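The structure appears right after this line, and notes come after that.
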Amino acid sequence: MVLIDTPALYYRAFYSVPDSIVNDEGQPVNAVRGVLDAIAQMVRRFDSPRVVATMDADWRPAFRTAIMPEYKAARVRDTEAGTEIPPELAVQLPIMTRVLSAAGIPIAEVDGTEADDVIATMAAESTSPVVIVSPDRDLLALIDSASDVSVLRPRKGGEWEAITQAELPEAYGVPDGTRYRELAAMRGDPSDGLPGAPGIGEKTAATLLTNFGSLESIVKAAKAGVKTGGLSPKRANTLIAEEETLHKTIEVMRCLTDVAHGLDLETVPGPLDRTSVEAAVRGQNVRRSVDNLLTALETAGGEPSADASAPLTRSAPLQRSAPIDADRTPAPAPAQRPEAAAAAPWSRSRLVGFDLETTGVDPATARIVTAAFVESADKVRTWLADPGVEIPEPARAVHGITTEFAQANGAPAADVVGELCTVLDELRSEGAVVVGHNIVYDLSVMAAEVTRHHPHIDLVALLPTIVDTFVLDKRVEKFRRGKRTLVETAKRWKVSLLDAHDAAADALAALDIARALAENAPEIASLTRDEIMAAQGDWKRVQAADLQAWLRSKGNAEAIVDDAWPLS
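Just so you know, we're using the working numbering here: the sequence shown kicks off at 72 and counts up by one.
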């Protein structure tokens, strides 16, 4: 059983995932993405869909403030409402809970209590091993080897620290959860308004507990005038003076273990309702995270279900292909294409959109993070790669994928590159046309990745007919002012792009732009596959020369614009 301290995770995501990730209404959804990605990671880590998302019904319960009025008082943002939640985070919580509930992950909260109390109750009730997922150190007090309760805490660099009772002595110098609570009481926690014992830090508290066994014994020794075992006169006086406060702190930190959460833990997870999930994510720009979570849930604990890898509303994904063998010669194209097919316009061929999201803008050094081939909204194939390098902050701000997430959930880069080569090879042999916006960049990244991981593959030999909507758009409306980015080009041709910088969304947008361009430029639409390939090479050279001349006219005498096509 995996018990999620959801508030702790959504705060962590809110402050660490870029707030540039917004939904159709411009509201941030960074916390939603962060929580969904973290839960998917936990499902995969433990190969179990038995997950409960616990929540704070009251983050500052009356029964705790009655003991210590200062408990979490410093966190109150709105004194009238008594809330600590920033409004930019508050609007995300309903989205998060709707998605999780529809995915079969129960939301557990109990009036007048915190998530910690729900977690403690479920841990006490569970008949199977329990892992508590939380960055909150207070929950270490629930660790119990007899009940098989452990805690998993996020660390820097995407790592997770698993702490069982066996690790407590080395990690914190205490033997069990009960003594950890006493250590925490002496150490204090200013963020929660828990003062601790002045001058006694974590190491000193651990030493005292090791030498005297319990807080009660430490205070008793202090009152008896003991001056050994780390109990100096100054510390003894402090502990005697703070005895009442320390006992109150322990009571405030102690979690309830008998709250009425109303869940039958044996029935977790609940049923997955795809219709409700689809309704919950519509317009929220979290589809990649939701698809990732559903795949994790459906493949956990056994063989994948028939549609486990199928994203929402995508009932007919492109056929999965085995990675191409580095030493294998690409499948030859048909010796003679049927005359009618060879003479048919490219625009009437099978069109497949292609896009990559990467670690940077230089194709020679950028690594693939995500990739997509798209034929239509319901025929999509996507990949997530572990690029093998850190994903820089500027790249993460664009596509929202962190190094930690890619490392935890992505396939090895070599495998992804091999599969992409295989798909390109198959599309070429089938006479398809691959469409992308500024696809020179994507194919150049592919070429560098192939050299890096599969140096014996000849990428150029694998390429099908390529259509670059960036080149076509500049040909159709040469003198149009403004940027030619995918977003701006989509606006010009009235193409919907709801999730920019998502590989699947960008590939689909490029596909729709190509169709719009073909409709508005029949002289281009009528070209055959061979003709459109040759024409784009010519157009790109002219466009590059024009841009280079313009840059030099503006004072950049050494400006060079690459005219290579379809890859540099």
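We put the CB at the ideal spot given by N, CA and C, even for glycine. Just so it is clear, the structure is predicted and the values come from calculations on it, not from any experiment.
- DSSP places proline 120 in the coil class of the three-state scheme, outside both helix and strand.
- When beta bridges are read from the DSSP output, alanine 443 appears opposite Asp426 and Thr453.
- Membership of threonine 316 in the alpha helix (DSSP H) is indicated by the continuous run 314-324.
- With 16 or more other Cβ atoms inside 10 Å of its own Cβ, glycine 481 counts as buried.
- Partner residues in the beta bridge of glycine 507, as assigned by DSSP, are Asp539.
- Under the three-state reduction of DSSP output, arginine 226 falls in the coil class, being neither helix nor strand.
- Secondary structure at tryptophan 610: helix, using DSSP grouped into helix, strand and coil.
- Per DSSP, the continuous alpha helix (DSSP H) segment holding aspartate 362 begins and ends at 358-370.
- In the DSSP assignment, isoleucine 234 falls within the beta strand (DSSP E) that extends over 231-234.
- Within the DSSP secondary-structure output, valine 202 pairs in a beta bridge with Val73 and Ser221.
- If you check the CB distance, aspartate 634 and lysine 611 come in under 8 Å.
- When DSSP states are grouped into helix, strand and coil, leucine 327 belongs to the coil group.
- Taken through DSSP and simplified to helix, strand or coil, aspartate 129 comes out as coil.
- Glycine 424 and valine 506 do touch by the CB rule: their CB atoms are close to 5 Å apart, below 8 Å.
- Nearest Cα to proline 483 within the set Gly459, Pro416, Phe476 and Glu501: Gly459.
- A distance of 8 Å or more separates the beta carbons of threonine 338 and glycine 301.
- Among the bridge pairs identified by DSSP, alanine 179 is matched with Thr125.
- Proline 483 has Asp457 as its beta-bridge partners, per DSSP.
- In this structure, methionine 324 and alanine 212 form a Cβ contact; the two beta carbons are roughly 7 Å apart against a cut-off of 8 Å.
- Note on arginine 551: under 16 other CB atoms within 10 angstroms of its CB, so exposed under the neighbour-count rule.
- Looking at the backbone, the Cα of leucine 455 and that of alanine 111 are separated by about 14 Å.
- Pairing isoleucine 75 with valine 222 gives a Cβ-Cβ distance that is not under 8 Å.
- With contacts defined by Cβ atoms closer than 8 Å, glycine 175 and leucine 427 do not form a contacting pair.
- A straight-line Cα-Cα distance of about 8 Å links arginine 169 and valine 348.
- Per the DSSP secondary-structure output, aspartate 215 pairs in a beta bridge with Val220.
- In this structure, asparagine 509 places its C-beta atom within 8 Å of the C-beta atom of phenylalanine 541.
- For serine 347, the enclosing alpha helix (DSSP H) has its first and last residue at 345-352.
- When the Cα atoms are used, proline 158 and glycine 272 turn out to be separated by approximately 35 Å.
- C-alpha of proline 340 to C-alpha of methionine 167: approximately 17 Å in a straight line.
- In the displayed model, valine 147 falls within coil according to three-state DSSP, outside both helix and strand.
- Taking a C-beta distance under 8 Å as the contact criterion, alanine 351 and alanine 173 qualify as a contact pair.
- With 16 or more neighbouring CB atoms inside 10 Å of its own CB, glycine 264 falls in the buried class.
- Under DSSP, aspartate 260 forms a beta bridge with Leu265.
- The three-state secondary structure of valine 93, taken from DSSP, is strand.
- When secondary structure is reduced to three states using DSSP, proline 416 falls in the strand class.
- In this structure, the CA atom of leucine 533 is about 57 Å from the CA atom of serine 216.
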